[in-house]
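Contents: one structure, followed by commentary.
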Amino acid sequence: MAEEVKNTAAENTTEAAAEKKAVRKVSKDMTIGEIINVDVNLAGVLMGGGMYCIGCPASMGESLEEAAMVHGIDPDLLLERLNAYLEAQAQ
């Protein structure tokens, strides 16, 4: 019985570690609010890419692609930076 509990605890720990390391990805159709909910630190990546409007309530409902186009920012480049950040955090 103790052996089973020990094995189950080890399996749960391994699964939790794997989930934490899983690479999350964002997409161009996600809203700014959804992206920030993935990782609050992505706000800094967005601002570093020239998207200073993330504090505006309206931006929370705009897709990454819409917001980037309004500000004359390449959405693909911004998406690449966001996902690179997430990948680096997963390691």
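For the sequence shown, full-length UniProt numbering gives the first residue as 1, with consecutive numbering after it.
All C-beta atoms in this analysis are idealised placements derived from N, C-alpha and C, irrespective of residue type, glycine included.
Residue closest to residue i, alpha-carbon to alpha-carbon, out of the options
i: G49; options: Q89, A88, E80; result: E80
i: M47; options: A88, I73, Q89; result: I73
Rounded separation between residue i and residue j - CA only
i: D39; j: Q91; result: 15 Å
i: A58; j: T31; result: 10 Å
i: I54; j: M60; result: 7 Å
i: V70; j: A43; result: 17 Å
i: Q89; j: V26; result: 14 Å
i: C56; j: K28; result: 19 Å
Simplified DSSP assignment, three categories, for residue i
i: S59; result: helix
Nearest-angstrom Cβ-Cβ length linking residue i and residue j, presumed shorter than 8 Å
i: R24; j: L86; result: 5 Å
i: I35; j: L64; result: 6 Å
i: P75; j: A84; result: That pair is no contact at about 15 Å.
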